[in-house]
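J.: Could you have a look at this structure, given as structure tokens, before my questions?
2 protein chains.
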Amino acid sequence: MDLNVDLDRDIPKLDWEPFLATRTQRMQSSAIRELLKLTQKPDIISFAGGLPAPDFFPIREVEEACRYIVREDGAEALQYSATEGYWPLKEYLADSMHRYGVPATPENVLLTNGSQQALDLIGKILIDPGDYVLTGRPTYLGAIQAWNAYEAHYHTVRLDEQGMVVEEIEHAYEKAVADSGRPPRFIYVLPNFHNPAGTTLTQERREKLAEVATRLNLPVVEDDPYGQLRYEGEDLPPICTCIPERTIYLGTFSKTLAPGFRLGWIVCPEGLMKRFVQAKQGADLHTGSLVQHVANDICQRGFLKQHVKRLREVYRVRRDTMLDALSELWPAECEWTEPEGGLFLWAQVPKSIDTVDFLQEALKEKVAYVPGVNFYPNEDGGFHAMRLNFSYSSPETIVEGIRRMGLALKKALGS
Amino acid sequence: MDLNVDLDRDIPKLDWEPFLATRTQRMQSSAIRELLKLTQKPDIISFAGGLPAPDFFPIREVEEACRYIVREDGAEALQYSATEGYWPLKEYLADSMHRYGVPATPENVLLTNGSQQALDLIGKILIDPGDYVLTGRPTYLGAIQAWNAYEAHYHTVRLDEQGMVVEEIEHAYEKAVADSGRPPRFIYVLPNFHNPAGTTLTQERREKLAEVATRLNLPVVEDDPYGQLRYEGEDLPPICTCIPERTIYLGTFSKTLAPGFRLGWIVCPEGLMKRFVQAKQGADLHTGSLVQHVANDICQRGFLKQHVKRLREVYRVRRDTMLDALSELWPAECEWTEPEGGLFLWAQVPKSIDTVDFLQEALKEKVAYVPGVNFYPNEDGGFHAMRLNFSYSSPETIVEGIRRMGLALKKALGS
Numbered sequence: 120m121d122l123n124v125d126l127d128r129d130i131p132k133l134d135w136e137p138f139l140a141t142r143t144q145r146m147q148s149s150a151i152r153e154l155l156k157l158t159q160k161p162d163i164i165s166f167a168g169g170l171p172a173p174d175f176f177p178i179r180e181v182e183e184a185c186r187y188i189v190r191e192d193g194a195e196a197l198q199y200s201a202t203e204g205y206w207p208l209k210e211y212l213a214d215s216m217h218r219y220g221v222p223a224t225p226e227n228v229l230l231t232n233g234s235q236q237a238l239d240l241i242g243k244i245l246i247d248p249g250d251y252v253l254t255g256r257p258t259y260l261g262a263i264q265a266w267n268a269y270e271a272h273y274h275t276v277r278l279d280e281q282g283m284v285v286e287e288i289e290h291a292y293e294k295a296v297a298d299s300g301r302p303p304r305f306i307y308v309l310p311n312f313h314n315p316a317g318t319t320l321t322q323e324r325r326e327k328l329a330e331v332a333t334r335l336n337l338p339v340v341e342d343d344p345y346g347q348l349r350y351e352g353e354d355l356p357p358i359c360t361c362i363p364e365r366t367i368y369l370g371t372f373s374k375t376l377a378p379g380f381r382l383g384w385i386v387c388p389e390g391l392m393k394r395f396v397q398a399k400q401g402a403d404l405h406t407g408s409l410v411q412h413v414a415n416d417i418c419q420r421g422f423l424k425q426h427v428k429r430l431r432e433v434y435r436v437r438r439d440t441m442l443d444a445l446s447e448l449w450p451a452e453c454e455w456t457e458p459e460g461g462l463f464l465w466a467q468v469p470k471s472i473d474t475v476d477f478l479q480e481a482l483k484e485k486v487a488y489v490p491g492v493n494f495y496p497n498e499d500g501g502f503h504a505m506r507l508n509f510s511y512s513s514p515e516t517i518v519e520g521i522r523r524m525g526l527a528l529k530k531a532l533g534s
Numbered sequence: 120m121d122l123n124v125d126l127d128r129d130i131p132k133l134d135w136e137p138f139l140a141t142r143t144q145r146m147q148s149s150a151i152r153e154l155l156k157l158t159q160k161p162d163i164i165s166f167a168g169g170l171p172a173p174d175f176f177p178i179r180e181v182e183e184a185c186r187y188i189v190r191e192d193g194a195e196a197l198q199y200s201a202t203e204g205y206w207p208l209k210e211y212l213a214d215s216m217h218r219y220g221v222p223a224t225p226e227n228v229l230l231t232n233g234s235q236q237a238l239d240l241i242g243k244i245l246i247d248p249g250d251y252v253l254t255g256r257p258t259y260l261g262a263i264q265a266w267n268a269y270e271a272h273y274h275t276v277r278l279d280e281q282g283m284v285v286e287e288i289e290h291a292y293e294k295a296v297a298d299s300g301r302p303p304r305f306i307y308v309l310p311n312f313h314n315p316a317g318t319t320l321t322q323e324r325r326e327k328l329a330e331v332a333t334r335l336n337l338p339v340v341e342d343d344p345y346g347q348l349r350y351e352g353e354d355l356p357p358i359c360t361c362i363p364e365r366t367i368y369l370g371t372f373s374k375t376l377a378p379g380f381r382l383g384w385i386v387c388p389e390g391l392m393k394r395f396v397q398a399k400q401g402a403d404l405h406t407g408s409l410v411q412h413v414a415n416d417i418c419q420r421g422f423l424k425q426h427v428k429r430l431r432e433v434y435r436v437r438r439d440t441m442l443d444a445l446s447e448l449w450p451a452e453c454e455w456t457e458p459e460g461g462l463f464l465w466a467q468v469p470k471s472i473d474t475v476d477f478l479q480e481a482l483k484e485k486v487a488y489v490p491g492v493n494f495y496p497n498e499d500g501g502f503h504a505m506r507l508n509f510s511y512s513s514p515e516t517i518v519e520g521i522r523r524m525g526l527a528l529k530k531a532l533g534s
């Protein structure tokens, strides 16, 4: 059809600001995602994103699974499906979660559009405007972005090399009660290979956290996108192992299979699951049937486990390469974490350097990172810190990027 | 890893209700979706869902597009991507929207996880708790479900055989102002082959609606999932053609390509687009890269247009079959709409029959439908009405289902 309507006429402009809800004033574009746009030029070496290495995407396996699923199961894989998720995939996840220490049955698992949607649904069902969330500082900025839309506030707990300093949770709890007149809604924790800090919560602190959460009667949101990507040391049981009745555990295929699937999952107690399902129905009916069927096929064939093994090798080398390059090429005054897994490390530069300002210098040298302040929900720290991603770039590119930044840092320090 | 944690121990039960946000009390499982679970037994003839016919899914084309995309473009199609959506698909949609009378450029288009996510994002950025939305009665229940989560209230406008009685909008506006002390947030309208009513808004009323919206300074949400599925008569220009500056237009691939992709789109003015993008970032970062690439490949090859032509033929036959069967097999006291397109018609039964109660009788005869009251946001009507879907079942099955319901109706009427 061509309606031959005059669409080239001048369309009046409407000022939409007066039509916006109060919560919309709190929404901001993610600094990282805006930054990523600037750094997507091919000549920039980007340590900014949290992107997996595309050269290790399981292209052949995805292609085969797509062909098989569409041909054999197309009528189901292309149709509307259950809000809760595709049952065989829920069974697979419950089983693998169970082996990992999370007491899950298929009924406890909800498929989401990546972990980001899980964070959004958590905000939707748990946060009233003005409520406080307890989180580490620094913390994952996608969580801040999700919960700002529900008008959350934050009290934060310091991180050290052993992860969140759980002894300080009770103090943050008291501040939240003092400021809002009610308890905070939950504790948000990234126990493994923290984004952005790169730290791992020790076994002792996991137990302590479970104890504190129980004593204060607080739910725990355990965000574990990188748990499978450990390059050294032993796996530690999730916090969910200790206190499944009050933990909302988040997993994702984005770092192990492919982010472009947008597939994550929530494991939570049955009493809460029906609320997540209701919220998910209103949000988008269900997660894509096709990608769930394809992911399930790949998982059931046992491919994912061997693929993750391979990724661990690849990323371990990249992490080591970045650590070695930092030692060799950066000024002695700088410090950084040495993550046992995951995609990121956290670097501290001398206090004379502001990492927001310094980004301009880095970009002149065609290198990008994310300034630390973006990971502080109250914007009260991280001024001399930055997050560096080591999963996306090849080892050669990592060395070159660290070299360039090292030169720029030395220049800025006048050394 | 196997942690050998004792997961068979008794896990304490936590009462989650005290932890829920206020808005969560408003969330309910969709009656339709709960019902669908009951009616998914293979021996039930279901007129309840809004499912496309799976036997006409373009299996071969999806299979070919998946293979091509994963092989040729896998590094991009499996990676994180822009919140706004995949640019070539935005170009395609802007172009086809433009031909359809919607003044769109790629910058005006945002890809969403089906239209349901568009409805959710609209609620998120526009509705404060206690705000009113103006909508027809009956109206699409997915919209009610999405906006209940933002604590919306509703004033409704009657529908007749020409669609929403737009002359009554101003009265509903005044009631909203009287009840909440502020203007309602927007007018929600389904102009083409209304779900559930099956009616189409006339050209005269479209123009009148645009005029009223402008005079009252209200945004319009134009939900058009079935616009391409017209079986007779001429296309009418979208309301967006008249007032693009204040219209949020929603489209979807769910009825033309496949619902399992979860792909829909918003067209809206530039000033509002950045807010949708911010909300979408927080909600799930972006819509699946893989399905966007696959849909784009299918569209760019020109397949979708010819496929929609075929669907129009198939669904026209099913609609006619249902209309003929109703005339022949239902009691003379019943009435129904005769939709020019879409997936649904709306049937009225005599006032002695309550369609919620009668559903039990229908299910005994192994037939399902959705009772009318589910489409009344204030639950103040539809007691003797029902929605019947004619797209999912084969013509033979449609005749058999209508026959069974006819017998049950006659029995209930004592005739």
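Going down the list, the protein sequences come from chains A and B.
Numbers 120 to 534, taken from our numbering, label the letters of the first sequence in order.
Numbers 120 to 534, taken from our numbering, label the letters of the second sequence in order.
Ideal Cβ positions, reconstructed from N, Cα and C, are used throughout, including at glycine.
Cβ atoms of residue 519 of chain B and residue 164 of chain B: under 8 Å apart, would you say?
T.: yes
J.: Any C-beta of chain B sitting closer than 8 Å to the C-beta of residue 359 of chain A?
T.: no
J.: Can you name the start and end residues of the beta strand (DSSP E) that residue 267 of chain A belongs to?
T.: Premise fails: residue 267 of chain A lies in the alpha helix (DSSP H), 260-267, not in any beta strand (DSSP E).
J.: Looking at the strands, I want to know which residues DSSP matches up with residue 456 of chain B.
T.: Paired residues: none, contrary to the question.
J.: Buried or exposed: where does residue 290 of chain A fall if 16 or more other Cβ atoms within 10 Å of its Cβ makes it buried?
T.: exposed
J.: Should the segment 339-354 of chain A be called in touch with the segment 456-467 of chain A, which here means at least 3 C-beta pairs below 8 Å?
T.: yes
J.: Quick check: residue 239 of chain A and residue 235 of chain B, are their CB atoms within less than 8 Å of each other?
T.: no
J.: Under DSSP, the beta strand (DSSP E) around residue 306 of chain A begins and ends at which residues?
T.: 306-308 is the extent of the beta strand (DSSP E) around residue 306 of chain A.
J.: Please classify residue 463 of chain B: does DSSP put it in a helix, a strand, or coil?
T.: strand
J.: Beta carbon of residue 377 of chain A, beta carbon of residue 181 of chain A: below 8 Å?
T.: Their beta carbons are under 8 Å apart, which means residue 377 of chain A touches residue 181 of chain A by this criterion.
J.: I need the boundaries of the beta strand (DSSP E) containing residue 384 of chain B, first residue and last residue.
T.: 383-386 is the extent of the beta strand (DSSP E) around residue 384 of chain B.
J.: In whole angstroms, what separates the C-alpha of residue 172 of chain A from that of residue 415 of chain B?
T.: 24 Å
J.: Give the straight-line distance between the Cα atoms of residue 372 of chain B and residue 225 of chain B, rounded to the nearest whole angstrom.
T.: 17 Å
J.: Determine the chain B residues that contact residue 403 of chain A at a beta-carbon separation under 7 Å, and present them in chain order.
T.: The answer, in chain order, is 232, 233, 235, 236, 239 and 381.
J.: Name the chain A residues whose beta carbon is nearer than 7 Å to that of residue 247 of chain B?
T.: 140 and 141
J.: Residue 137 of chain A: buried (16+ other C-beta within 10 angstroms of its C-beta) or exposed?
T.: Under this definition residue 137 of chain A is an exposed residue.
J.: Mind listing the chain A neighbours of residue 147 of chain B? Cutoff is C-beta to C-beta under 7 Å, in chain order.
T.: 397
J.: Considering just the uninterrupted stretch of the alpha helix (DSSP H) at residue 481 of chain A, what are its terminal residues?
T.: 474-483
J.: For a contact meaning CB atoms closer than 7 Å, what does residue 176 of chain B contact in chain A?
T.: Those within 7 Å of residue 176 of chain B in chain A are 193, 194 and 197.
J.: Which residue's Cα is closest to the Cα of residue 489 of chain B: B:314, B:450 and B:354?
T.: B:314
J.: Under DSSP, the alpha helix (DSSP H) around residue 324 of chain A begins and ends at which residues?
T.: 322-335
J.: Check residue 301 of chain A in the structure and name its three-state DSSP category.
T.: coil
J.: How many Å lie between residue 204 of chain A and residue 359 of chain A at the Cα?
T.: 21 Å
J.: Kindly indicate which three-state DSSP category residue 367 of chain A falls into: helix, strand or coil?
T.: Three-state DSSP puts residue 367 of chain A in a strand.
J.: Along chain A, in chain order, which residues have C-beta atoms closer than 9 Å to that of residue 603 of chain B?
T.: Here chain B comprises residues numbered 120 to 534, so residue 603 of chain B is not present and cannot be evaluated.
J.: My assumption, with CB atoms under 8 Å, is that residue 271 of chain B sits in contact with residue 398 of chain A. Please give the rounded CB distance.
T.: Between residue 271 of chain B and residue 398 of chain A the beta-carbon gap is near 15 Å, outside 8 Å, which marks them as no contact.
J.: Is the Cβ-Cβ distance between residue 259 of chain B and residue 357 of chain B less than 8 Å?
T.: no
J.: Name the chain B residues that come within less than 8 Å of residue 186 of chain A, Cβ to Cβ?
T.: 182, 185 and 186
J.: Drop a sphere of 10 angstroms on the beta-carbon of residue 120 of chain A, count the other beta-carbons inside from all chains shown, and report buried for 16 or more, exposed for fewer.
T.: The pLDDT assigned to residue 120 of chain A is 46, lower than 50, so where the model puts this residue is not dependable; a value taken from the coordinates is nonetheless given after this. So residue 120 of chain A counts as exposed.
J.: Can you give the Cα-Cα distance for residue 286 of chain A and residue 492 of chain B, rounded to whole angstroms?
T.: Computed Cα separation, rounded: 54 Å.
J.: Closest to residue 442 of chain B by C-alpha separation, out of B:509, B:296 and B:475, would be which residue?
T.: B:509
J.: Go through its chain and collect everything with a Cβ distance to residue 417 of chain B's Cβ below 8 Å, but skip five positions before and after it.
T.: 177, 180, 181, 184, 376 and 423
J.: Please state if the CB of residue 254 of chain A and the CB of residue 281 of chain A are separated by a distance shorter than 8 Å.
T.: no
J.: Short of 8 Å in beta carbon distance, which residues of its chain neighbour residue 278 of chain A, apart from the five on each side in sequence? Order them along the chain.
T.: The residues are 255, 256, 257, 284, 313, 316 and 318.
J.: Taking only beta-carbon atoms, is residue 160 of chain A less than 8 Å away from chain B?
T.: No - not a single Cβ of chain B is within 8 Å of the one on residue 160 of chain A.
J.: Report all residues from its chain with a CB closer than 6 Å to the CB of residue 477 of chain B; omit the five preceding and five following residues, and keep chain order.
T.: Answer for residue 477 of chain B: no residue qualifies.
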